[in-house]
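Numbering (our numbering), first residue to last: 3 to 280. Virtual Cβ for every residue (Gly too), placed ideally from N, Cα, C. Here's the structure we're looking at; comments come further down.
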Ligand code: NAP
């Protein structure tokens, strides 16, 4: 069994980005909008802001009150779409219920959509002509490449089908020529499906749900879940049981999480270059 050091892979990626940024004549710029003061979202936004500083990006952390109107939020995004210092725009999700998340995402210029959630970018991913790829699934693909997993013809099971993780994750694996099964909360016989899998990616948000006995010996297990439990953070996989059968496994924390942020920086640097080229 090998525990995948996502933190180290992310640090190497950030070091490479910092080296490249040092040679540029302008700092790549990322704007992160936080609506309200949800504690988890506030931590994610602070981590993203710190990561920007670490690699030498220009970063704007924009806090808006929870009662902001849809029009006010859209106006802020349009301002950033036209701001030359800004290459990437990210709106921290989830948004308060009175706001239309879909319209917010669609208002971000697809050229600055470093989260890769705009329908234009998701459409390109579906057609295997990716532009900006959603950060968490792209970060998982970087992990798999780094540990040397050849996905061609492999049986991959993705548990979870959200727009931001599960669905784009499944398409990423399909684009890599794997055979992909996508499961959701209505899936029958999940354990049987997982027992066939060479690679398992879990993103459901249910603490320690995936049991060690559901995992094939020698499988690769990628745990995207982040669940607070007894003052700690745990994944969606029962790590202690799973690590006994898996060949490779990500820990929580220190697995996928750091890769999501490093990949956001990677996408922002790509946005910088694409804007410069035009
Ligand atoms: P989400 O929007 O709540 O979606 C959860 C998905 O899991 C849904 O498709 C749901 O099925 C499915 N699901 C729920 N319970 C299930 C069960 N018992 N069996 C099978 N499928 C089940 O969640 P998300 O935003 O994708 O996030 C998932 C987890 O990943 C959370 O813990 C989140 O904190 C974490 N996360 C981590 C990162 C990172 O960087 N590490 C990034 C994003 C999210 P239905 O479609 O049927 O409802």
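With a cutoff of 6 Å, residue 186 counts as near the ligand NAP, since its C-beta is closer than that to a heavy atom of the ligand.
Collapsing the DSSP output to three states places residue 276 in a helix. Judged by DSSP in its simplified three-state form, residue 123 adopts helix.
Annotated as distal: residue 45 and residue 267, with beta-carbon spacing of 7 Å or more. One Cα belongs to residue 47, the other to residue 247, and the distance between them is close to 35 Å. C-alpha of residue 76 to C-alpha of residue 191: approximately 43 Å in a straight line.
In the three-state scheme derived from DSSP, where H, G and I count as helix and E and B as strand, residue 150 is classed as coil.
Beta-bridge pairing by DSSP links residue 250 to 4, 222. Distance from the CA atom of residue 126 to the CA atom of residue 146, rounded to whole angstroms, is 22 Å. In the same chain as residue 154, and ignoring 5 residues on each side of it, the C-beta atoms closer than 8 Å to its own belong to 178, 179, 180, in chain order. A distance below 7 Å separates the beta carbons of residue 270 and residue 30.
Residue 202: member of the beta strand (DSSP E) spanning 201-204, first to last residue.
In this structure, the CA atom of residue 34 is about 33 Å from the CA atom of residue 158. With a cut-off of 6 Å, the C-beta of residue 164 is classified as near the ligand NAP, since at least one heavy atom of the ligand falls inside that distance.
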